[in-house]
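**Q** Mapping of the sequence shown onto mature numbering (1 follows the signal peptide of the UniProt record, and there is no 0): residues -16 to -1, 1 to 431, in sequence order.
Idealized CB from N, CA, C, for every residue including glycine.
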Amino acid sequence: MSFRPRVLLAVLLALAACKESPPPPPQPVATRPAEPPRRYFGGTPDGKLHVYFFDVGQGDAALIVSPDGYTALVDTGPASAAEHLVNRLPELLTQRLDLVVLTHPHSDHHGALEPVLKRVGARQLLEPQLGATPKAYDALLGAVASQGVEFISPSPSPATPNALQRLPLGAGVSLTVLWPRAPTEPLLDVPEAALEANSVILRLTYGDTAVLFMADAHARTVDHLLARNAPMQATLLKVAAHGTEGPTTAAFLSAVGPRAAVISAGEGNLIGAPAPAMLEQLEATGAQVFRTDLHGEVQVVSDGKTLVVTPQRLSAGVPEDTRYSYPGLGTPMPRVAALAGDSRRATGRSGTRDGASKQPTGKMYTLSLDDPPDEGAPPSRAGSRARSEASDSGAVKVGTYVGSVRSDVFHRPTCRNVVKIKSSNLVTFSSREEASRGRRPARDCNP
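#1: Mark leucine 254 as exposed unless 16 or more other C-beta atoms lie within 10 angstroms of its C-beta, in which case mark it buried.
#2: Less than 7 Å between C-beta atoms, sequence neighbours within five positions excluded: which residues of the same chain meet that for alanine 426?
#3: The beta strand (DSSP E) with residue 493 in it runs from where to where?
#4: Counting Cβ pairs, one atom from each stretch, are 3 or more of them under 8 Å apart for the region 53 to 69 and the region 82 to 89?
#5: Output needed for glutamate 111: all residues of its chain with C-beta closer than 6 Å, excluding positions within five of it in sequence on either side, in chain order.
#6: Nearest-angstrom Cα distance between phenylalanine 413 and valine 386?
#7: Please name the residue or residues paired with glutamine 272 in a DSSP beta bridge.
#8: Can you list, in chain order, the stretches of the beta strand (DSSP E) that have 3 or more residues and sit fully within the region 71 to 99?
#9: Give the straight-line distance between the Cα atoms of glutamine 149 and glutamate 264, rounded to the nearest whole angstrom.
#10: Only counting the same chain, and skipping five residues up and downstream in sequence, which positions put a Cβ closer than 7 Å to that of glycine 314?
#11: What are the uninterrupted segments assigned as alpha helix (DSSP H) that are 4 or more residues long and contained completely in the region 95 to 151, given in chain order?
#12: Between valine 104 and leucine 77, which are expected to be in contact by the criterion C-beta below 8 Å, what is the C-beta distance as a whole number of angstroms?
#13: Assuming residue 448 and alanine 244 are in contact, meaning their beta carbons sit under 8 Å apart, how far apart are those beta carbons, in whole angstroms?
#14: Excluding the five sequence neighbours on either side, which residues of its own chain have a C-beta within less than 6 Å of the C-beta of alanine 177, listed in chain order?
#15: To the nearest angstrom, how far is the alpha carbon of glutamate 169 from that of arginine 275?
#16: If you reduce the DSSP assignment to three classes, tell me which class arginine 204 lands in.
#17: I need the DSSP call for serine 407, collapsed to helix, strand or coil.
#18: Does the region 41 to 53 come into contact with the region 230 to 244, if we say contact requires no fewer than three beta-carbon pairs (one atom in each stretch) closer than 8 Å?
#19: For leucine 313, which three-state DSSP category applies?
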């Protein structure tokens, strides 16, 4: 081919190449939509221990906030509780949770975990690490691990295998794992209830007060803890298994000695919780019962000496600012009978026995505990009220109002609880205005 045709061919090829369409632009790389920033609205630490037993229906969920501001969420309730918890928790937190405890692999204890972690986050998670767990539970743990949450074990430290595992929550507060303790102690072999029998059992202590979390413990769990003399004494008991009959035995309650008890149960639940027989066991000990199905969220505050319980809902006729105060473990707890004419009980069922007056159902048995007993005073027997022979406060004639240096309430001299105040603790006020400075009216007579 001559030079000229070759040049012409090259020009034609170049023109054809110029007419080809340019390559398409590269597709943008798919990116995960940015999550909205987490927001928290909780207050600064106040130097007191707070526990919130949430009303999550038929399930368990409780938040611990230590005096230094460390936080632990014990269970997250069923999936139906997610909307409530993702709104309630940010009101109480100042940052992500320090610890989440899943006591065992039942959905009424972990159902809301994913939305809760998405909303508030968590640094660590403790769960019992059992075998033969549901596939859905295993998948849930895998999803949590992918978010960077650190998993920790309830097992004792290999360096001190005989010591109890303690979870740090700041100065003065101890959150101790009582069970399970594998491999130091083998898991309980209960074929029909292996998950419940090996639930994580926790004891929270601050100063002279304690809260015992029994999760869904089985009767075998309780028997084992009693046999090994585990430290279970508590000011407040979180009742096992939503108050079903079985684990909360008389021997167990004798070892715990609770002043108050919280039962987390859903209204009209299908398992009939709490069981009437179990409620009678609690009533026999003198413990005051708070139920989330009746009283809603139950808030607990401890200064290390006294534990104060505030239910969200109160029985009819009870003043809306009512709080229930219980002395620490070192103070003898008097057994106080129901007040004359008081028709409120914790049993939630009606009936008569030995001529007793009928009681309406679903009400709370309340005690008057404005003035804790004096140190060294012996506990009174059921059906009576302690009266100190050393007290002459029943004959007070000076001042219009009286109070005790060991209490934050004031009375009229004729109020029934005044007789329990020792003369050495008695203070008088010339007017109600003077008495109400830093004190509140006592519930025994609303002066």
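**A** The short version:
#1: exposed
#2: Asp354, Val393, Phe394, His395, Cys399, Asn401
#3: The requested residue 493 does not occur in the structure, where the chain is confined to residues -16 to 431.
#4: yes
#5: Leu86
#6: 6 Å
#7: Ala244
#8: 81 to 85
#9: 33 Å
#10: Asp192
#11: 97 to 104, 119 to 129
#12: 6 Å
#13: Outside the shown range of the chain (-16 to 431) lies residue 448, about which nothing can therefore be said.
#14: His202
#15: 34 Å
#16: helix
#17: helix
#18: no
#19: coil
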